[in-house]
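First the structure, in the form of structure tokens, and then the observations on it.
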Amino acid sequence: MEYKKYEYDNYTVHFLKTNKFKSILVSLQLINNFDKETLTKASLLRRLLTYSTGKLKDKTQVVKKVYELYNSSIFIANNIHNNVVTTDFSIEILEDKYTEKGLVKNALEYFFDTIFIPNIIDGKFEESNYNLAYKNLSDFYDREKENKNKYAFNKACELLDEDHLKLNPNGYKEELERITNEDMVSYYNNLFKQANSNIFVIGSFNDKELLDIINSRLEGKLYKNKNDFKFNKCSAKINLKESVDIEEYNQSILIMMYKTYNLTKRERNVVLPLFNRIFGVGNNSKLFRSIREEKSLVYDIRSSASRDESLVIVQAGIDYKNKDEIVKYVEDELNGIKNGNVTIEDLDNAKKSRRHILKQFEDDNESILYIKIGSILYDNDDLEIRQQEVETVTIDEIISLAKKLKLDVIYMLKGDRNNG
Amino acid sequence: MDKIELKGLNETVIHETLDNGLNVYVLRKKQFNAFSCYFITNFGALIDKFIPINEEHMHKFPKGVAHFLEHKMFEQEEGKSVMEMFSLLGGSCNAFTNYDYTTYYVTGVENFYENLNFLIDYVQSPYFTDENVKKEQGIINQERLMVNDNPYRVFYMKSIENLFINYQYGKTIVGEEKDIFSITKEDLYRCYNTFYNPSNMSLIVVSNEKEEDVINSIKKNQKNKKFDKLDKIKIEKVIEPENVKKEYDIIYENVTKTQVGYNIKIKNDTFGIDIDKALLYLYILIKSNFSDISEFNLDLRQKSIIDQDLSLGVSMYGDYIIININASVCDDEKIIKLLDDKFNNLEISLEKFDLIKKSLISRFVYYFMSVDSIMNYLYNDYFDNKKITGDTFIKYKELNFDEYNDVIKKFNTKNKSITIMKPLKDKE
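Taken in sequence, the protein lines are chains A and B. Residues in the first sequence are numbered consecutively from 109, following my numbering. Residues in the second sequence are numbered consecutively from 215, following my numbering.
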């Protein structure tokens with residue numbers, strides 16, 4: 109795959125050329141700093157920009173336009189990368205040869221119209237669309253409890269120390285209640301001025317034609333500020349927090365959060381994903397084999413690793429009366445790894461599984477694009493380096509990383525509907 | 215060996231029925247690294263009364279037996295577990311049970327033939343003991359509790375259950391607690407021996423390997439395995455009347471907003487055309503009148519009668535087409551009245567017909583951009599037809615406005631069921 113970079117005064121364009129896929133995927137990445145208020149505003153803006161535009165005055169017109177463009181939908185997401193948030197505007201467009209001549213050009217016009225021609229009238233977002241977007245976000249917050257896994261995860265995150273604080277990228281209801289329509293216009297205008305701006309495109313296309321469209325729409329709209337991204341320096345201080353909430357569910361949810369600190373770049377990018385696979389990913393992990401298969405205590409137990417936050421999180425649906433036993437078994441499995449209970453077979457299996465995922469990324473345009481974005485903007489490794497590095501990890505490195513895990517949070521969402 | 219052209223998509227599936235009756239479908243995608251293999255038995259949660267192989271009488275099995283069997287297929291008599299073996303081979307495996315089928319699959323990027331053969335081998339070597347059956351009961355009961363904590367799934371299942379008097383659709387796939395704890399190893403063997411016979415199974419493979427090599431490898435695998443001869447399996451025939459089981463029902467779940475499920479039941483021979491096309495026309499009708507492309511939906515949202523776009527479904531359940539509209543509301547009576555009125559004044563728009571058709575067609579180009587989505591396409595075709603037909607895309611292309619109008623003329627809402635899910639606090 110050919111990679112090309114075009115640097116301009118106010119933004120950078122990155123092209124990834126491949127004819128493996130039948131579509132063109134475009135992503136505009138705006139990197140900003142954030143707090144609870146800006147995350148909430150970003151969530152509201154996402155709705156405001158996709159419900160209507162300056163040209164398409166309501167959602168029905170927007171949907172008709174998307175269908176006319178062969179389902180070229182626009183997605184706007186806010187992704188936290190440690191100390192920065194990325195507002196990611198993306199669109200996937202089928203190539204002209206599979207649809208009709210001019211589709212790519214027309215869909216790109218619609219993409220940039222959505223971003224740069226909002227439905228603002230007299231200094232305010234058009235009232236009926238603003239009300240719809242506001243209500244939708246408010247209802248979204250009210251519904252967060254309905255997904256017990258997500259709800260439990262967010263509650264557990266609230267227990268983390270300040271240096272590990274994971275804010276909810278969707279924002280907060282109490283912040284929403286303070287926001288006005290005028291605030292949102294001001295937020296929208298500043299979003300572009302304060303951001304570090306990059307645009308990425310993957311697919312098969314004519315460079316000049318695409319650059320002409322991009323430059324004609326981005327010129328004078330973006331600003332190229334510094335990318336402030338950096339990893340947290342986590343405190344080594346451990347202060348185990350435990351908390352239980354009770355809700356009307358059948359089953360209880362257990363979350364255990366482990367802090368790590370002073371990880372090297374290699375540990376964070378290469379060793380941590382492999383450790384995580386050995387510990388709690390998939391149906392051959394230590395947690396799955398021990399707690400589900402041998403002891404029949406759970407249906408679902410898994411771990412996940414947050415590279416940016418240097419956290420390892422164990423999550424399981426359990427019967428509340430088994431809580432202490434399961435916590436002990438999770439700890440036993442981790443202590444086992446710390447004490448050298450990792451075989452060559454464990455490591456080889458984890459490498460195979462990781463290799464499988466990395467190789468599959470080559471088959472997916474979105475994965476290729478976002479890995480490239482991660483390597484350019486967030487100090488991650490490129491796909492090729494990941495594939496090479498994974499083969500070099502040793503058992504000693506897995507043990508050494510396990511030793512850096514310290515249990516920081518035990519959170520229970522206790523289901524009391526059927527004494528669960 | 216025969217070729218199934220995926221008409222309009224320039225792709226071909228190679229199909230062969232082996233001597234033992236196993237149906238094999240292979241699609242080659244040279245440019246992809248990944249492979250995906252689905253091993254399917256025509257045995258799902260709907261089937262609980264049948265004559266087991268080598269027996270003479272109908273036998274009723276506990277609910278959830280197909281799903282329980284799926285879990286227990288991962289047991290091996292000796293050596294490494296199924297999970298460990300796939301880990302060694304670099305494959306990623308799992309299984310799922312729905313109302314009609316149980317499917318075992320492996321995906322990966324290396325050791326294709328080893329993974330494919332191990333998938334076949336482990337599904338064809340059952341090992342059930344009293345002890346390993348007992349061990350699984352607690353795990354499956356936890357799964358049951360997890361499923362029941364998803365209020366929208368509970369609501370959807372209840373909405374479907376309320377439509378059917380005799381069909382088991384909408385009833386639990388996992389089984390109730392008493393079913394799970396009553397299943398024995400003998401039950402599992404009787405079900406296994408009946409439904410896991412190769413003549414009741416299919417294998418779908420998407421990979422970058424030559425189709426002929428894949429089929430030869432499967433033939434070689436099957437050559438020395440012995441299976442009982444299986445005549446047509448006698449399953450209790452269920453006749454479903456046209457009326458619904460419950461016209462109105464209220465449940466209470468852990469939700470914040472009231473949900474209204476407005477469900478219509480229509481016999482599938484109502485329209486006198488190919489059933490897949492009838493489904494597509496009804497989908498376009500419902501989509502153009504009730505989805506986010508409709509002015510009706512926008513008006514409901516702007517007036518705060520609903521707080522999310524209406525969600526819609528058009529599906530086949532046995533001999534019936536089910537149309538399902540869900541609304542998140544404050545006033546359930548008001549929305550029911552408005553939906554009734556709208557069904558009496560449906561809009562028939564050529565503009566929306568063309569736009570929705572365009573959008574549907576574009577999906578197919580996306581389908582063929584990854585191995586997983588190709589497999590989804592083939593599985594959906596199989597799911598609907600018990601075989602791969604290759605006709606799906608061409609049916610989309612052939613949709614026309616005149617036929618659409620004919621279908622709408624025959625459409626009716628006379629068999630309707632309303633299910634409402636209210637927040638638990640409203641019960642008090």
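Yeah, the Cβ is synthetic: ideal placement off N, Cα and C, and Gly gets one too. Since this is a predicted model, take the numbers as computed values, not measurements.
If you run the structure through DSSP and keep just helix, strand and coil, what is A:P277? coil
Excluding five sequence neighbours on each side, which residues of the same chain lie with their C-beta closer than 8 Å to the C-beta of A:V192? I139, N140, N141, F142, N335, D336 and F337
Neighbourhood of A:G528 by C-beta distance below 7 Å, restricted to the same chain and skipping five residues each side: Model confidence at A:G528 stands at a pLDDT of 38, short of 50, so the residue's coordinates are unreliable; what they give is reported in the following sentence. The residues are Y357, N358, Q359, S360, D427 and Y428.
Note down, in chain order, every chain B residue with its Cβ under 7 Å from the Cβ of A:Q495. Residues of chain B passing the Cβ test: none, with the nearest at roughly 11 Å.
Counting only Cβ-Cβ distances shorter than 9 Å, please list the residues of the segment 380-396 of chain B near chain A, keeping chain order. none
Alpha carbon to alpha carbon, how far is B:D506 from B:L524? Give it in angstroms, no decimals. 8 Å
Closer than 8 Å, CB to CB, is B:E357 near chain A or not? yes
Any chain B beta carbon closer than 8 Å to A:G425: yes
Determine which residues of the segment 369-387 of chain A have a Cβ less than 9 Å from any Cβ of chain B, and write them out in chain order. none
B:T386 beta carbon less than 8 Å from that of B:G532: no
Between which two residues does the alpha helix (DSSP H) holding B:N435 run? E425 to K437
Along the chain, where does the alpha helix (DSSP H) that runs through B:G486 open and close? Per DSSP, B:G486 belongs to no alpha helix (DSSP H) and is neither H nor E.
In chain B, what lies closer than 7 Å to A:L240 by C-beta? R515 and Q516
Using a Cβ-Cβ distance cut-off of 8 Å, determine whether A:N527 contacts chain B. The predicted position of A:N527 is uncertain, since its pLDDT is 46 and thus under 50; a value taken from the coordinates is nonetheless stated next. It does not: the Cβ of A:N527 has no partner Cβ on chain B nearer than 8 Å.
Listed in chain order, which residues of the segment 315-326 of chain B have Cβ atoms closer than 9 Å to some Cβ of chain D? Looking at the structure shown, chain D is missing, and the protein chains on hand are A and B.
If we cut at 8 Å on Cβ distances, does A:E266 have a partner in chain B? no
Assuming contact is defined by CB atoms lying nearer than 8 Å, are B:N477 and B:K630 in contact in what I supplied? yes
What does B:M360 touch in chain A if you count any residue whose Cβ is under 7 Å from its own? Q359, Y407, D408 and G425
Name, in chain order, the residues that DSSP records as bridge partners for B:D463. B:T633
Residue range of the alpha helix (DSSP H) that includes A:T120: Per DSSP, A:T120 belongs to no alpha helix (DSSP H); it is in the beta strand (DSSP E), T120 to K125.
Can you determine whether any heavy atom of the ligand FMN sits closer than 7 Å to the C-beta of B:Q473, and answer yes or no? No copy of the ligand FMN occurs in the structure displayed, which carries no ligand at all.
Can you tell which of A:S475, A:F383, A:K243 and A:Y296 has the C-alpha that lies nearest to the C-alpha of A:L442? A:F383
Assuming the contact rule is C-beta atoms closer than 8 Å, B:I536 and B:S529 should be a hit. Round their C-beta distance to whole Å, please. 5 Å
Which residues of chain B have a Cβ atom closer than 8 Å to the Cβ of A:L202, listed in chain order? S576, V579 and Y580
Indicate whether at least one CB of chain A lies closer than 8 Å to the CB of B:Q290. no
Looking at the unbroken alpha helix (DSSP H) that takes in B:F578, where does it start and where does it end? L564 to Y581
Report the three-state DSSP secondary structure of A:I310 (helix, strand or coil). strand
If A:N473 and A:F129 are in contact, beta carbons under 8 Å, what's the gap, nearest whole angstrom? 5 Å
Contacting positions in the segment 465-490 of chain A - beta carbon closer than 8 Å to chain B: K467, Q468, E470, D471, D472 and N473
Determine the DSSP secondary structure at B:V420, reduced to helix, strand or coil. strand
Return the first residue and the last residue of the beta strand (DSSP E) that A:Q137 is part of. S131 to N140
Report yes or no: is there a C-beta of chain B within less than 8 Å of the C-beta of A:F129? yes
By how many angstroms is the C-alpha of A:L455 removed from the C-alpha of B:N614? 57 Å
Min CB distance A:Y519 to chain B below 8 Å: no
Given a cut-off of 8 Å, decide if B:I550 and B:L526 are closer than it, judged by their beta-carbon atoms. no
Where does the unbroken alpha helix (DSSP H) through B:T606 begin, and where does it stop? T606 to K611
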